[in-house]
Every structure is written in structure tokens, then in C-alpha cells.
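Residue numbers for the sequence shown follow the numbering used here, so the first one is 21 and each next one is one higher.
Here's the structure we're looking at; comments come further down.
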Amino acid sequence: MTQEQYKRKCDALFNKAKSIGVELSFHPESFNPDRLSCLWYGGYLANIKITDTLSVELGIHSDVYAELSDKDGQFLTYVKDKGNTGRFYEEMSPYLQNDQELLEALDDGRLKLDNNNWVEYDGVYKAKDDTMGVFIDLGLVVDNILDDDILTAINEALDRIDDIVQEIKAEGDIDDA
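Listed below in C-alpha cells is the structure:
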């Protein structure tokens, strides 16, 4: 994807958020338009502010254990990222230039994953006098896993925002957000 195509897709997400009455915080410059699979990254992805007291947090979570071999089966590199730091990017980017090459390596068995990560959403509720907020973990309550492509995941969350808000309110026992 070209930089211009990426910018248009990101702009469309910001416009979509605005059109549905929410505020999207996302830093497109932190991501490579050729590497949009969540495997490359870890940690914070975006935040969707619903009200001053309620927001949806999108994050890239879990451990990534991966081993890459060349076309002859010779070992190239291994990564074990238990901290959501995006070490997969550091280790694999010299060998895999983009998402297409990533998918090809997975398909032909050169890239083996023992563990992988995913994009998920959770909630943050701030009572009127609360500056930090309460994190509302939806992982054990609902299927809060989104698409592996980070832009598609953000779009999916925006499409489902009303349902997500209801899940957060139910799990957090929130009436006034």
C-alpha cells in the first residue's frame, strides 16, 4: 500500500469516528503501511472516546513466539516476545518486507508460530473525580477479538461501537456513562 493510500484509509477512519459522534485517537505515523498485520506490533493501538467518562481501548495483546526459515529450510531467526513490545517487527523485518511476504511465509510453512497476538477491545470508565479511570477487561466475558489487520480492526470497532459500549457498561456495572 502506498503512503497516500494509507493516509486516505486513516483519514477515512477519523472521519467515520467523527460522523458517528466519537473521537478516535490513533497515531498512523507509528505504523508501517506495508505492515498492518498485528503480528508486527504490540501494546496500544487506539482509543475511541465515547464520552468524557467512557472510552474504548484497542490493544494488540499476547505473546508472539515465531521461527523463520529460508526456502531451503535453513533457520533464519526466532523471536519470543512476552511483553507486547513488537519484537516480531525487529527480528522479522530484515527477512519479511511486508504483509504479503508474511502471509506467504506462513502459508508455505517457513514462518512457524507457537503463539501469536491479536487486536482486542476493552473499556475505560472514569467517574467524575477520577483522573486515571477503571480498566474494564472484556476478555473473559465477550468475544472481544477484532481483525488482525490494524486498520480493519479499528473500522470494525467503529462499526460495532454501540454494542461494545453496552458490553462495557454491563461488565463495569455502569449507568451514567
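Note that the Cβ used here is the ideal one computed from N, Cα and C, for glycine as well.
This one's a predicted model, so the numbers in the text were calculated from it and none came from an experiment.
| Item | Value |
| --- | --- |
| From I181 to A173, what does the alpha carbon distance come to, in whole angstroms? | 12 Å |
| Which whole runs of the alpha helix (DSSP H) in the stretch 64–122 are 4 residues long or more, in chain order? | 107–112 |
| Anyone know if the C-beta pair for L204 and V139 falls short of 9 Å? | One cannot answer for residue 204 here, as it falls past the ends of the chain, which runs 21 to 197. |
| Since V144 is in the beta strand (DSSP E), which residue starts that stretch and which ends it? | 138–145 |
| Specify, as a first and last residue, the run of the beta strand (DSSP E) that L160 falls within. | Careful: L160 lies outside any beta strand (DSSP E) and carries neither H nor E. |
| Are the CB atoms of L74 and I188 within a distance shorter than 9 Å? | yes |
| Please confirm whether F51 and L44 have their CB atoms less than 9 Å apart. | no |
| Return helix, strand or coil for N35, following the three-state DSSP convention. | helix |
| Give the DSSP bridge partners of A50, in chain order. | Just to set this straight, residue 50 is Ser in the shown sequence, not Ala. Its beta-bridge partners do not exist; DSSP assigns none. |
| Going by CA-CA distance only, name the one from K69, G93, Y64 that's closest to S82. | Y64 |
| CA-CA distance, I156 and L131? | 34 Å |
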